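Chains Z and V, in that order, are what the protein sequence lines are. For the first sequence, this note's numbering assigns the number 1 to the initial residue and increments by one for each residue that follows. For the second sequence, this note's numbering assigns the number 1 to the initial residue and increments by one for each residue that follows. Cβ atoms here follow ideal geometry from the backbone N, Cα and C, with glycine treated the same way. Treat the numbers as computed from the prediction; the structure is a model and nothing was measured. Down below is the structure, laid out as structure tokens.
There are 2 protein chains.
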Amino acid sequence: MDINQKIGERIRELRKQKNISQEALANIAEVDRTYMTGVETGKRNVTVKVLERIVEALELDFASFFNDKIFMK
Amino acid sequence: MDINQKIGERIRELRKQKNISQEALANIAEVDRTYMTGVETGKRNVTVKVLERIVEALELDFASFFNDKIFMK
DNA sequence: TGATACAACGGGTTATGAGTCACATGGATG
DNA sequence: CATCCATGTGACTCATAACCCGTTGTATCA
Numbered sequence: 001m002d003i004n005q006k007i008g009e010r011i012r013e014l015r016k017q018k019n020i021s022q023e024a025l026a027n028i029a030e031v032d033r034t035y036m037t038g039v040e041t042g043k044r045n046v047t048v049k050v051l052e053r054i055v056e057a058l059e060l061d062f063a064s065f066f067n068d069k070i071f072m073k
Numbered sequence: 001m002d003i004n005q006k007i008g009e010r011i012r013e014l015r016k017q018k019n020i021s022q023e024a025l026a027n028i029a030e031v032d033r034t035y036m037t038g039v040e041t042g043k044r045n046v047t048v049k050v051l052e053r054i055v056e057a058l059e060l061d062f063a064s065f066f067n068d069k070i071f072m073k
């Protein structure tokens, strides 16, 4: 599976845990709602700076975000 | 500290552990030698796909790469 | 001194990410 | 049914990531 899809799935999983909409998360991360859709569906190849905003919007740090089976070999 | 600087420092640290040059690492990751310098010095805002190539060149997965104090709140 | 290896910088081109819009779909609800 | 609400898509512009060149500076050698 593509790394962007993995990241999208991870974001969606964490967002659902917080019970918020794509739009709500997008607003906190200061990205467009439709852009967030693209990220979650793995269609966007995000830069580290944008990913940082999303991870922070999820109230996590990079270590926790990537500490998941999906990111392990 | 900026996220790109953190990533650059982390890459440099891991590269030195492996005792290889920027150019050697760049070749494995299939990026340009001068581009790798930019990444290590925190001047580049890399995309996830390129970061994946570098992390793989360091023989790590994302979970291990980000499992470091520097990426924790 | 000259040669070699490594790292950093400046500058230019090309590819693509970031940001935005209108519109479509599907589910729930009155 | 009509109207929200959440999500997804295609197309577009503009900024910048990705890529490549030559050069410079430094250290370490023979």
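Minimum Cβ-Cβ distance from residue i to chain V less than 8 Å
| i | result |
| --- | --- |
| threonine 37 of chain Z | no |
| lysine 18 of chain Z | no |
| alanine 57 of chain Z | no |
| aspartate 32 of chain Z | no |
Whole-angstrom C-beta distance between residue j and residue i, which should lie under 8 Å
| i | j | result |
| --- | --- | --- |
| alanine 63 of chain V | methionine 72 of chain Z | 5 Å |
| asparagine 67 of chain V | asparagine 67 of chain Z | 7 Å |
| asparagine 45 of chain V | threonine 47 of chain Z | 5 Å |
| alanine 26 of chain V | tyrosine 35 of chain V | 7 Å |
| isoleucine 70 of chain V | lysine 16 of chain V | Actually they do not touch by this definition, with Cβ atoms about 15 Å apart. |
Outcome for residue i when other beta-carbon atoms lying within 10 angstroms are tallied against a minimum of 16
| i | result |
| --- | --- |
| glutamate 13 of chain Z | exposed |
| glutamate 40 of chain Z | buried |
Reference residue i; option with closest CA among the options
| i | options | result |
| --- | --- | --- |
| isoleucine 54 of chain Z | Z:Ile70, Z:Arg33 and Z:Lys69 | Z:Arg33 |
| glutamate 52 of chain Z | Z:Ala24, Z:Tyr35, Z:Phe65 and Z:Arg15 | Z:Phe65 |
| aspartate 2 of chain Z | Z:Glu56, Z:Lys43, Z:Val50 and Z:Asp61 | Z:Lys43 |
| alanine 57 of chain Z | Z:Ile11, Z:Ile70 and Z:Lys6 | Z:Ile11 |
| asparagine 4 of chain V | Z:Gly8, Z:Lys49 and Z:Glu9 | Z:Lys49 |
Min CB distance residue i to chain Z below 8 Å
| i | result |
| --- | --- |
| valine 46 of chain V | yes |
| methionine 1 of chain V | no |
| glutamate 52 of chain V | yes |
| lysine 43 of chain V | no |
Any non-hydrogen atom of the ligand ZN closer than 7 Å to residue i Cβ
| i | result |
| --- | --- |
| aspartate 32 of chain Z | No copy of the ligand ZN appears in this structure; indeed no ligand is present at all. |
Subject >> Secondary structure, beta strand (DSSP E): runs of 3+ residues fully inside the segment 23-55 of chain V >> reply: none
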